[in-house]
Amino acid sequence: MSIETWMAFFLACWIISLTPGAGAVASMASGLNYGFFRGYWNALGLQLALLMQIAVVAAGVGAIIATSALGFALIKWFGVVYLLYLAWRQWQAPVQQLRPDARPIGRPLSLILRGFVINASNPKAIVFILAVLPQFVDPARPLVEQYLILAVTMVIVDLVVMAGYTGLAARAMRVLDSPRRQRQVNRSFAVMYGVAAGLLATVRRV
């Protein structure tokens, strides 16, 4: 892979990661509810799912999922239901004490699993990766090495972007000086989860 090809992919990764989606909403909600250091476990789950999707595409299974109406629909509707569940949980989230040490602890494995399920249950991501990644791969060179470079690049960029989303939401907790504002923010995130679910429900196979 030439440096020019990698730079083009690097730029594309920033554009992709900065585009708001369910992962960004989940990162902000985690930062708001648990603070940066606990909430950032969610981003690790997002990356595990991303790595799985890249591996699926690299193995050629992505083409099967992209062309299978049943497989695509099952993954999509599972994702829709899960996002709606998160919307309901966020809407019902209790008002917290404003001291940092009074925030809910948040179990790392639970947050990792949440991030993983959000990314893994988006079949459009596999279709998108299937459409984009091969454009940056030189079939005349070792494929495994190239896919590893692309995967590491995507993960690092996305970790940086999700750190930004998580950190901004965690800092926002400082201005939530009343239960009313906390409820407004929680319900705003619930609506964003709902919007993400609605957008996912409209996704069709290309």
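If you want my numbering, it's the position in the sequence shown, counting the first as 1, plus 5.
Just so you know, even glycine gets a beta-carbon here, dropped at the ideal spot from N, CA and C.
Taking the alpha-carbon positions, what's the residue i to residue j distance?
| i | j | result |
| --- | --- | --- |
| VAL86 | VAL132 | 20 Å |
| ASN47 | ALA125 | 13 Å |
| MET12 | ILE123 | 28 Å |
| LEU89 | TYR152 | 33 Å |
| LEU113 | VAL142 | What sits at residue 113 in the sequence shown is Pro, not Leu. Cα-Cα distance, rounded: 35 Å. |
| ASN38 | PHE121 | 18 Å |
| ALA202 | GLY28 | 12 Å |
| LEU116 | SER35 | 8 Å |
| GLN64 | GLY40 | For clarity, residue 64 is Ala in the given sequence; the question names Gln instead. Distance between the alpha carbons of ALA64 and GLY40: 37 Å. |
| VAL200 | VAL149 | 37 Å |
| TRP82 | TYR198 | 14 Å |
| VAL62 | ALA195 | 32 Å |
| ARG188 | LEU204 | 24 Å |
Can you tell me whether residue i is helix, strand or coil according to DSSP?
| i | result |
| --- | --- |
| TYR90 | helix |
| ALA64 | coil |
| THR171 | helix |
| TYR45 | coil |
| GLN97 | coil |
Could you check where the alpha helix (DSSP H) with residue i kicks off and where it finishes?
| i | result |
| --- | --- |
| GLY120 | 113-125 |
| GLY28 | 27-39 |
| SER7 | Looking at the DSSP string, SER7 is not in any alpha helix (DSSP H), and its letter there is neither H nor E. |
With a 10 Å radius around its C-beta and 16 neighbouring C-beta atoms as the bar for buried, classify residue i as buried or exposed.
| i | result |
| --- | --- |
| VAL160 | buried |
| ARG43 | buried |
| LEU16 | exposed |
| ARG146 | exposed |
| GLN95 | buried |
| ARG176 | exposed |
| SER32 | buried |
| SER22 | buried |
| LEU75 | exposed |
Please confirm whether any heavy atom of the ligand ADP lies closer than 6 Å to the CB of residue i.
| i | result |
| --- | --- |
| ALA195 | Absence of the ligand ADP from the depicted structure is noted, as is the absence of any ligand whatsoever, leaving it without description. |
> Which whole runs of the alpha helix (DSSP H) in the stretch 127-159 are 4 residues long or more, in chain order?
Replying inline: 128-137
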